[in-house]
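To start, the structure under review is shown below, and the notes come after it.
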Amino acid sequence: MNLGLHFRLSDDQAAAVLAAAGDDDALMDAIALLEEDAGVYDRGCETDKAWDPIACALAPEGDRDEWPARGVIGGARSLQTDDDALWVTHLDPAETTEVAHYLAGLSDGDFSAAYRAMPAELRNPEFGPDEEAYALGWLGPLRTFFSDAAGAGEHVVFTVTF
3 MNLGLHFRLS DDQAAAVLAA AGDDDALMDA IALLEEDAGV YDRGCETDKA
53 WDPIACALAP EGDRDEWPAR GVIGGARSLQ TDDDALWVTH LDPAETTEVA
103 HYLAGLSDGD FSAAYRAMPA ELRNPEFGPD EEAYALGWLG PLRTFFSDAA
153 GAGEHVVFTV TF
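For the sequence shown, our numbering gives the first residue as 3, with consecutive numbering after it.
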């Protein structure tokens, strides 16, 4: 499993990513440009491998799950075509604000309850107290990231390659 990364993007930066939606090579090129831009990268939020247990705990049914829980990792829309190679999701500024409010109201206890209720078929081999603590450790910075992005009226793009 690879490392997850959320970006905070202006309208112009998000437009470049959205223009590449549906063309995975162009999408990866657009993401690479963001990763190479120190100003953009430094405002991002890495989630290491915790993106997976966070997504599986908060939105075990993926796109069919409740909004805005599914938006934390899954965004409001996926931009890639090959789900086996990469996952790139997008939130516009209004959706970013909804997710930020959701995360602000999500206590560590709420997350832990969702983690422990995760369906068995979604659980990693590491499932248990250590992975739960690991995911919670990344959830705090993710809350701050979304709060900052919402306050600045920014888009959020999440990316991970497989």
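We treat Cβ as the ideally placed atom computed from N, Cα and C, and that holds for glycine.
(request) Inspect the beta-carbon positions of Leu87 and Thr163 and report whether they are closer than 8 angstroms. (result) It is worth fixing the name first, because residue 87 is Ala in this sequence and not Leu. Their beta carbons are under 8 angstroms apart, which means Ala87 touches Thr163 by this criterion.
(request) Decide if the stretch 93-112 is in contact with the stretch 147-159; the criterion is three or more beta carbon pairs, one per stretch, under 8 angstroms apart. (result) yes
(request) Determine which residues share a DSSP beta bridge with Thr98 and list them. (result) Thr98 pairs with nothing; no bridge assigned.
(message) Since Thr91 and Gly107 should fall inside the 8 angstroms C-beta cutoff, what is the C-beta to C-beta distance between them, to a whole number of angstroms?
(response) Not confirmed; about 21 angstroms, so no contact.
(message) Considering just the uninterrupted stretch of the alpha helix (DSSP H) at Glu48, what are its terminal residues?
(response) Unbroken run through Glu48 is the beta strand (DSSP E), Cys47 to Asp50; no alpha helix (DSSP H).
(request) Assuming Leu5 contacts Glu48 (C-beta within less than 8 angstroms), just tell me the rounded distance between them. (result) 6 angstroms
(request) Can you have a look at Ala17 and say buried or exposed, based on whether 16 or more other CB atoms are within 10 angstroms of its CB? (result) exposed
(request) Give a yes or no on whether the C-beta atoms belonging to His157 and Leu93 are separated by under 8 angstroms. (result) yes
(request) For the alpha helix (DSSP H) holding Phe147, just list the boundary residues, first then last. (result) Pro131 to Gly153
(request) Could you check how far apart the C-beta atoms of Arg79 and Arg45 are, in whole angstroms? I think they sit under 8 angstroms. (result) With a Cβ gap of about 22 angstroms, Arg79 and Arg45 do not count as contacting.
(request) May I ask you to report which of helix, strand or coil DSSP gives Phe160? (result) strand
(request) Could you have a look at Arg79 and say whether DSSP puts it in helix, strand or coil? (result) strand
(message) Whole angstroms are fine: how far does the CA of Gly24 sit from the CA of Val74?
(response) 21 angstroms
(message) Suppose you measure from the CA of Tyr117 to the CA of Asp31; what does that come to, to the nearest Å?
(response) 34 angstroms
(message) Between the alpha carbons of Gly41 and Gly142, how many angstroms are there, rounded?
(response) 22 angstroms
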